[in-house]
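Residue 430 in the UniProt record's numbering is what sits at position 430 of the sequence shown, and the numbering runs on without skipping anything.
Virtual Cβ for every residue (Gly too), placed ideally from N, Cα, C.
Fair warning: this is a prediction, and the values are worked out from it, not measured in the lab.
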Amino acid sequence: MNGTRTLSRRRVLAGAAALGGLGAMRALGVPRVLSASDKANIAFIGIGNYGAANLRELAGENIVAVCDVDWRDRSQLSGKFTPAIEVAAKHPGAKRFDDWRVMLEQMDKNIDAVVVCTADHVHAHAALTAMKMGKHVYCEKPLASTVDEVRAMVAAARRYPKQATQTGIVGHASEDVRLIVEWIRAGAIGAVERIDVFQSDWSSGKRYINAYQDCEHIGDSVPVPEEVKWDLFVGPAPSRNYNPMYLPLRWRNWQDFGTGILGDHGPHFFDPVVWALELDYPETIEGDADADYSGKAAKEMFARVSHVNFRFPARGNRPAVAVKWWGYDTPPVPPGWKKEEPLPTGGGIVYGTKGVLVYGPVYSSVVGEKKQVWLLPEEVDRQFQRPSRTIPRPSSHWVEWIDAAKQGKQPSCNWEYGGHITELCLLGNIAIAHGGTTLRFDGKKQRFLNSESANAMFGRKYRKGWELPA
């Protein structure tokens, strides 16, 4: 069994409702039939840093176009950020664009597939436009920035099943994640009733998480560098002045552009347990944030330190599961963990009736190589008979997507599956914003039962001219 989800009728209807006009539209483009020997013509929207990594993994295909909004060189950027201009220089045959809308329009007939690696708030707009034009689409995680956008993308994926979709939860293809799923299902630790999912040291958190007092000066007018196409970066978000606090990457913790630490790393670490235990919607969600998270900061940014408690109902013969998210914080060390060894900086601790399974940052795991999975205590590890591999091992997350496009099928982390994980993280952000309130969620109605203000956060208003594709 892979990570593909089969949507219930209620999910399909909810997605169609979120799509609005898109739910009833016809595809304007038809995907070109690709054979196994063909090289796909791929266009990239966002090629700096993580976009550069995506492009590198797909460099064996035909890179026909690249788009970015920040063309500054390394001397103008701080840290280890990979500049888009350096990436583009390695692919002189690819046409360069600032505006992805112009790129898709001009290059339409020359594009088979699109990779979206923009700021979170543009994911749905770019990805849905490409889907409407008949392209296979790989979209970075989180799949979108709002619940409504996620549901629109899932509905579009179902409407165009011949177009392969993949969510950029790259660890999904790793040996670690597939071992976790196989081991939990084989009963390595018994029945699972409690899980801690955490990211204690946000990899670039010092860049992403600005001091809350930055909010007091963020509206000050600062000249926009010539190489930065600021209005195109803002895209569907409300207009605001440029400030170097946003770029590069610092946009992640601003509500207009990113989804915070939970949206950034949550998909990686929820993936193994959602897959292994087939977790659907939670019954209740409760969040909290650090004490300083108030005032203008709470209106502009995501919390630095946060916790979310999800309560998932029993499923068949499986018990209910309590899942706690620890954002920029560390959960208690599990029994049996070697005291001299620190916990991984991110991952999960899965508590079962027979033992504990710990996993680390699975997104860095090499395909085919186990690196970040432990069974506790040692006796459980020694006695557990490793099961046969039952889940296919792709050569890479990106190749799995391209192969699916050529074979007319869907990869394992398609938008139905990746959309559900993204939605869980976004619901968690809503719970953090309603700190102290236990939100009751109805999986059938796909809405909160006791908070209209929480339901109101499922969508957002878009700047004129940047409405979601219809």
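Residues in its own chain within less than 6 Å of M25 by CB, not counting five upstream and five downstream? The residue given as residue 25 occupies position 25 in the sequence shown. Since pLDDT at M25 reaches only 31, below the 50 mark, its modelled position is unreliable, and the value read off the structure follows with that caveat. The beta carbon of M25 lies closer than 6 Å to none in the same chain, with the five residues before and after it left out.
Give me the Cβ distance between A126 and A144, rounded to the nearest whole Å; I'm assuming they're in contact under 8 Å. As a first step, residue 126 must be located in the sequence shown, where it is residue number 126. As a first step, residue 144 must be located in the sequence shown, where it is residue number 144. That belief does not hold up - the Cβ atoms of A126 and A144 are roughly 11 Å apart, past 8 Å.
Put R96 into one of helix, strand or coil per three-state DSSP. To locate residue 96, count along the sequence shown from 1; it is residue 96. Here DSSP, grouped into helix, strand and coil, assigns R96 to strand.
Among H434, P223 and K406, whose alpha-carbon lies nearest the alpha-carbon of T165? Position 165 of the sequence shown, counting from 1, holds the residue named residue 165. Put simply, of H434, P223 and K406 the residue whose alpha carbon is nearest the alpha carbon of T165 is K406.
Classify R304 as helix, strand or coil using the three-state DSSP reduction. Along the sequence shown, read from residue 1 onward, the residue named residue 304 stands at position 304. Looking at R304 - three-state DSSP - the assignment turns out to be coil, as it is neither helix nor strand.
Starting from Q166, follow the beta strand (DSSP E) in both directions and report where the run begins and ends. Start at 1 with the first residue of the sequence shown, and residue 166 comes out as number 166. Element bounds for Q166: T165 to G168.
Nearest-angstrom Cα separation, counted from A314 out to Y359: As a working mapping, residue 359 is identified with position 359 in the sequence shown. As a working mapping, residue 314 is identified with position 314 in the sequence shown. Cα atoms of Y359 and A314: separation of roughly 23 Å, rounded to the nearest angstrom.
Strictly under 7 Å for the Cβ-Cβ distance: is R311 near chain B by that measure? Absent here is chain B; the protein component of the structure consists of one chain.
At what residues does the beta strand (DSSP E) containing E286 begin and finish? On the sequence shown, residue 286 is found 286 positions in, with the first residue counted as 1. E286: member of the beta strand (DSSP E) spanning T284 to A289, first to last residue.
If I measure Cβ to Cβ from C413 and keep anything under 6 Å in the same chain, skipping five residues before and after, which residues do I get? Taking the first residue of the sequence shown as position 1, residue 413 is located at position 413. Close CB contacts of C413 within its chain, under the 6 Å cut and outside five residues either way in sequence, are with G3, Q166, T167, I169 and H172 (chain order).
Alpha carbon to alpha carbon, how far is A94 from P342? Give it in angstroms, no decimals. Residue mapping note: residue 342 aligns to position 342 of the sequence shown, counting from 1. Residue mapping note: residue 94 aligns to position 94 of the sequence shown, counting from 1. The straight-line gap from Cα to Cα measures roughly 45 Å.
Looking at the strands, I want to know which residues DSSP matches up with H268. Residue mapping note: residue 268 aligns to position 268 of the sequence shown, counting from 1. DSSP lists no partner for H268.
Provide the residue span of the alpha helix (DSSP H) that contains K162, from first to last. As a working note, residue 162 is residue 162 in the sequence shown. Counted as a single uninterrupted DSSP element, the stretch harbouring K162 is not any alpha helix (DSSP H), since DSSP gives it neither H nor E.
Whether H136 touches A113 by CB criterion (7 Å): Position 136 of the sequence shown, counted from the first residue, corresponds to residue 136. Position 113 of the sequence shown, counted from the first residue, corresponds to residue 113. Taking 7 Å as the Cβ cut-off, H136 and A113 qualify as a contacting pair.
Can you tell me which of R393, P334 and G348 puts its alpha carbon nearest to the alpha carbon of E378? Position 378 of the sequence shown, counted from the start, is the residue given in the question as residue 378. If we check each option's Cα against that of E378, P334 comes out closest.
Given 8 Å as the limit, is there contact between the stretch 184 to 191 and the stretch 434 to 448, that is, 3 or more CB pairs closer than that? Verdict: no, contact absent.
My output table needs one value for A320: the three-state DSSP class, helix, strand or coil. Counted from its first residue, the sequence shown places residue 320 at position 320. Three-state result, A320: coil.
Where does S174 land, buried or exposed, given buried means 16+ other C-beta within 10 angstroms? Taking the sequence shown and counting its residues from 1, the one referred to as residue 174 is at position 174. The residue is buried, with at least 16 neighbouring Cβ atoms inside 10 Å.
Are there 16 or more other CB atoms within 10 angstroms of the CB of D271, so buried, or fewer, so exposed? Taking the first residue of the sequence shown as 1, we reach residue 271 at position 271. Classification for D271: buried.
Locate the alpha helix (DSSP H) running through C425, then write down its first and last residues. Walking along the sequence shown from the start, residue 425 turns up at place 425. For C425, the enclosing alpha helix (DSSP H) stretches over residues W415 to A433.
N-terminal and C-terminal residue of the alpha helix (DSSP H) that A454 is part of: Position 454 of the sequence shown holds residue 454. It spans E452 to N455 - the alpha helix (DSSP H) in which A454 sits, taken as one unbroken run.
Less than 7 Å between the beta carbons of R311 and A322, yes or no? Position 311 of the sequence shown, counted from the first residue, corresponds to residue 311. Position 322 of the sequence shown, counted from the first residue, corresponds to residue 322. Going by C-beta atoms, R311 is nearer than 7 Å to A322.
Per DSSP, which residues does E140 bridge with? Please list them. Start at 1 with the first residue of the sequence shown, and residue 140 comes out as number 140. For E140, which the question treats as bridged, DSSP gives the partners G168.
Between which residues of its own chain and L77 is the CB-CB distance below 7 Å, once the five residues before and five after are set aside? Taking the first residue of the sequence shown as position 1, residue 77 is located at position 77. Leaving aside the five residues that flank L77 on each side, the residues in its chain whose CB is nearer than 7 Å to its CB run, in chain order, P83 and P248.
Any chance the CB of R386 is under 6 Å from a heavy atom of the ligand ATP? The model depicted lacks the ligand ATP and carries no ligand whatsoever.
Does DSSP put V350 in a helix, in a strand, or in coil? One-based indexing of the sequence shown puts residue 350 at position 350. In the structure shown, V350 falls within a strand segment according to DSSP collapsed to helix, strand and coil.
Reduced DSSP category for G263 - H, G, I as helix; E, B as strand; rest coil: As a position in the sequence shown, residue 263 is number 263, starting the count at 1. Helix.
Within 10 angstroms of the Cβ of S306, are there 16 or more other Cβ atoms? Answer buried if so, exposed if not. Counting from 1 along the sequence shown, the entry for residue 306 is found at position 306. So S306 counts as buried.
Y359, enclosing beta strand (DSSP E) - first and last residue: Translated into positions along the sequence shown, residue 359 becomes position 359. Run containing Y359: V356 to Y359, per the beta strand (DSSP E) assignment.
Kindly indicate which three-state DSSP category C215 falls into: helix, strand or coil? Indexing the sequence shown from 1 puts residue 215 at position 215. C215 falls in the helix class under three-state DSSP.
Does Q383 pass the burial test, meaning 16 or more other C-beta atoms within 10 Å, or should it be called exposed? Translated into the one-based positions of the sequence shown, residue 383 becomes position 383. Per the 10 Å Cβ criterion, exposed.
Who are G327's beta bridge partners in DSSP? Start at 1 with the first residue of the sequence shown, and residue 327 comes out as number 327. Per DSSP, Q199 and S306.
Would you identify the three-state DSSP class for V147, choosing helix, strand or coil? On the sequence shown, position 147 is the one that residue 147 refers to. Helix.
Express the C-alpha separation of G287 and I432 in angstroms, rounding to a whole number. Along the sequence shown, one-based indexing puts residue 432 at 432. Along the sequence shown, one-based indexing puts residue 287 at 287. Using only the alpha carbons, I get a separation of about 4 Å.
Could you tell me the boundaries of the alpha helix (DSSP H) in which N241 lies? Your numbering for residue 241 matches position 241 in the sequence shown. Run containing N241: none; DSSP gives neither H nor E here.
Nearest neighbour of T345, chosen from D196, E300, R74 and D256 [CA to CA]: Sequence index remark: in the sequence shown, residue 345 carries index 345 (1-based). The residue among D196, E300, R74 and D256 with its C-alpha nearest the C-alpha of T345 is D196.
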